[in-house]
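Participant: To start, I am sharing the structure in question, which I have written as C-alpha cells.
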Amino acid sequence: MTSLRHPPARLREIIFSARKIVLLTHKNPDGDALGSALGLYNFLLQKKKHPVVIVPDAYPHYFRFLPGREKMLVADKHTEVALKKVREADLLFCLDFNRTDRLGCLEAAFLERTAPALLLDHHPDPDTALWLDCLHDTSASSTSELVALFLHHVFPKDPPGADAATCLYTGMFMDTGGFMFNFTENTFRHCARMLAAGARADIFVEAVFQSNTEDRMRLMGYCLYEKLRVLPDLGLAYISLTQEEMKRFNFRKGDSESFVNLALSIGGIRMAVLISEQEDGITRLSFRSKGSLPVNDLAAQYFNGGGHRNASGGQIQGNAAQAEALLVETVTRWITPFKNMA
Ligand SMILES: [Mn+2]
Numbered sequence: 502m503t504s505l506r507h508p509p510a511r512l513r514e515i516i517f518s519a520r521k522i523v524l525l526t527h528k529n530p531d532g533d534a535l536g537s538a539l540g541l542y543n544f545l546l547q548k549k550k551h552p553v554v555i556v557p558d559a560y561p562h563y564f565r566f567l568p569g570r571e572k573m574l575v576a577d578k579h580t581e582v583a584l585k586k587v588r589e590a591d592l593l594f595c596l597d598f599n600r601t602d603r604l605g606c607l608e609a610a611f612l613e614r615t616a617p618a619l620l621l622d623h624h625p626d627p628d629t630a631l632w633l634d635c636l637h638d639t640s641a642s643s644t645s646e647l648v649a650l651f652l653h654h655v656f657p658k659d660p661p662g663a664d665a666a667t668c669l670y671t672g673m674f675m676d677t678g679g680f681m682f683n684f685t686e687n688t689f690r691h692c693a694r695m696l697a698a699g700a701r702a703d704i705f706v707e708a709v710f711q712s713n714t715e716d717r718m719r720l721m722g723y724c725l726y727e728k729l730r731v732l733p734d735l736g737l738a739y740i741s742l743t744q745e746e747m748k749r750f751n752f753r754k755g756d757s758e759s760f761v762n763l764a765l766s767i768g769g770i771r772m773a774v775l776i777s778e779q780e781d782g783i784t785r786l787s788f789r790s791k792g793s794l795p796v797n798d799l800a801a802q803y804f805n806g807g808g809h810r811n812a813s814g815g816q817i818q819g820n821a822a823q824a825e826a827l828l829v830e831t832v833t834r835w836i837t838p839f840k841n842m843a
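Residue 502 is where the sequence shown starts when you use the working numbering, and the numbers rise one by one after that.
This is the structure we're talking about:
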C-alpha cells in the first residue's frame with residue numbers, strides 16, 4: 502500500500518487552486534473505471550470545481566445511468582478536444598490504472614504534460630515516480646473504494662452527494678462481482694456511507710442486470726451451447742468468439758460482459774477465458790481464476806497484459822483460432838506447477 506504523502510490540507514489546496522482538472526481512466530472502461538472517475542467528478546462539482554472526465558474509448562451502454570456520463574469526453578471520438586484538455590490541464594487524476602499504455606490515444610499527451618497528476622488505483626506495481634502523489638492499495642476492492650477513502654480523508658466535513666455516492670457504490674459493486682470477491686470490511690464501511698449519502702442502488706440494479714437486449718441473451722445461449730470448451734485436465738474452460746459470430750448477433754460493446762464468469766462457474770474449473778476477436782487484427786483475452794491461481798502472471802508473460810490475480814486481460818496479434826491454440830498450448834505448460842495447489 503502507498504499512502505498519500507501530502508497532508509489533507511495541502512491536497513485540498515492543490516485541488517482548490519487548480520482551474521482545469523482532468524480525470525482520466527483506462528481503455529475499455531469498466532464499472533470501476535467509470536464509477537471512480539464519475540464519483541470524483543460529481544464530488545468536485547459539489548465543491549464548485551469544473552472537472553472533465555476523459556475516457557480513452559467507448560464504454561458499455563448499460564452504464565449510461567451513471568450521473569455525469571453525458572458530459573464525459575470519449576477520446577477516440579473527440580480526439581483533438583481530448584488531447585487539448587490533457588495538455589492544458591493544471592491538475593490530473595489517474596483512476597483505476599497505473600501503466601500509461603492503458604490510456605490509449607491519450608498516452609503521449611499525458612507523458613508530455615507538465616501539470617501534476619495524482620494516482621488512485623488498486624492494480625499491482627505502479628511506477629510511483631510518474632505521479633505527484635498516490636493512494637495505491639492492491640488490497641482495496643476497487644478504485645471507487647479508494648476514491649471514497651480519499652474523499653473521506655481529504656474532505657472529512659463534506660460527505661459526497663447522492664450522484665457521487667451512486668457512482669462510487671456502482672464501482673465497488675462491479676469490481677467485487679457483486680460482493681463475491683476482493684472485498685474487505687472496509688468495502689462495506691464505504692458502501693454503507695454511500696448508501697447513507699443517497700446512492701441509488703435501485704436504478705443501478707435495473708440498468709446493469711435487468712436491461713439485457715434480446716441479442717445479448719441469444720449470444721449468451723449460443724456461447725454456452727456451441728462455443729464453450731471445457732478441458733477438465735487443465736481445469737480450464739473457455740469461450741472463443743469471432744468477429745463473424747459477433748456480427749451475427751449484432752454485437753455491441755459490453756454484450757459479452759460476464760460470459761467468462763459463466764465458464765468459471767463450472768465445478769472443478771479453476772480458470773476461465775473469454776477470447777474475443779477484434780476488428781483490427783487483434784484478439785483480446787479476458788482471464789478469470791479461482792483461489793490462488795495467478796492469471797495476471799499468465800497474462801503478463803504470454804499475452805501482453807496483466808491485472809489482478811483472479812481477473813486479468815491480455816491480447817495477441819492474430820485471430821480467435823490462433824489465440825485459442827496459443828492459449829491451450831501455453832496453459833498446458835504454465836499450469837503444471839499449480840496443479841496441486843488449492
Ligand atoms: Mn478497478
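Here a beta-carbon is modelled for each residue, glycine too, at the ideal position from N, C-alpha and C.
1) Please name the residue in ALA800, HIS562, HIS691, PHE656 whose C-alpha comes closest to that of ASN529.
2) Start and end of the alpha helix (DSSP H) containing HIS654?
3) Inspect the beta-carbon positions of LEU525 and LEU592 and report whether they are closer than 8 Å.
4) Please classify LYS748: is it buried, with 16 or more other beta-carbons within 10 angstroms of its beta-carbon, or exposed?
5) Any idea what DSSP makes of GLN779, helix, strand or coil?
6) With H, G and I counted as helix, E and B as strand and the rest as coil, what does DSSP make of ASP577?
7) What residue does the alpha helix (DSSP H) around HIS637 start on, and which one ends it?
8) Could you give the C-beta distance for ALA773 and ALA738, rounded to a whole number, given that I count them as a contact under 8 Å?
9) Leaving aside the five residues before and after GLU608 along the sequence, list all residues of the same chain whose C-beta is less than 7 Å from its C-beta, in chain order.
10) So does ASP533 have its beta carbon nearer than 7 Å to some heavy atom of ligand 1?
11) Would you decide whether PRO552 is buried or exposed? Buried here means 16 or more other CB atoms lie within 10 Å of its CB.
12) Measuring CA to CA, which of LEU742, ASP781, PRO509 is closest to LEU636?
13) When the Cα of VAL761 is compared with those of LYS791, ARG753, ASP638, which residue comes out closest?
14) At a threshold of 7 Å, does ASP798 count as lining ligand 1 (C-beta to nearest heavy atom)?
15) Would you list the residues sitting across from GLN547 in a DSSP beta bridge?
16) Where does THR714 fall in DSSP's three states?
17) Under three-state DSSP, which class holds SER790?
18) Taking just the CA atoms, how far does ALA708 sit from PHE566?
19) Identify the continuous alpha helix (DSSP H) that holds ALA700 and give its terminal residues.
20) Please classify GLY672 as buried or exposed, where buried requires at least 16 other C-beta atoms within 10 Å of its C-beta.
21) Determine the DSSP secondary structure at THR629, reduced to helix, strand or coil.
22) Closer than 7 Å: is that where the CB of SER643 sits relative to any heavy atom of ligand 1?
23) Hey, would you say the C-beta of ASP597 is under 7 Å away from at least one heavy atom of ligand 1?
24) Using a threshold of 8 Å, state whether the C-beta atoms of GLY815 and LEU786 are closer than that.
25) At 4 residues or longer, and completely inside the segment 702-776: list those alpha helix (DSSP H) runs for me, N to C.
26) Buried or exposed, going by whether 16 or more other CB atoms sit within 10 Å of the CB of LEU828?
27) Here's the rule: buried if 16 or more other CB atoms are within 10 angstroms of the residue's CB, otherwise exposed. What is ASP734?
28) Can you tell me where the beta strand (DSSP E) with CYS668 in it begins and where it stops?
29) CB LEU669 to CB VAL655, shorter than 8 Å?
30) With a Cβ-Cβ cutoff of 8 Å, do THR685 and SER640 count as a contact?
31) With burial defined as no fewer than 16 other Cβ atoms inside 10 Å of the residue's Cβ, what is the status of LYS572: buried or exposed?
32) With 8 Å as the threshold, decide whether the Cβ of LEU650 is near any Cβ in chain C.
33) Can the beta-carbon of ASN599 be found less than 8 Å from the beta-carbon of PRO568?
34) Which same chain residues, not among the five before or five after TYR726, have their C-beta less than 6 Å away from its C-beta?
35) Please find out if some non-hydrogen atom of ligand 1 comes closer than 7 Å to the beta-carbon of ASP676.
Facilitator: According to the structure data:
1) HIS562
2) 644-655
3) no
4) exposed
5) coil
6) coil
7) Run containing HIS637: none in the alpha helix (DSSP H); it sits in the beta strand (DSSP E), 634-637.
8) 5 Å
9) THR601, ASP602
10) yes
11) buried
12) PRO509
13) LYS791
14) no
15) Paired residues: none, contrary to the question.
16) coil
17) strand
18) 7 Å
19) ALA700 -> no alpha helix (DSSP H), and no H or E assigned at all.
20) buried
21) helix
22) yes
23) yes
24) yes
25) 702-710, 715-723, 744-749, 760-765
26) buried
27) exposed
28) Unbroken run through CYS668 is the alpha helix (DSSP H), 663-676; no beta strand (DSSP E).
29) no
30) yes
31) exposed
32) Looking for chain C here will not work: only one protein chain is present.
33) no
34) none
35) yes
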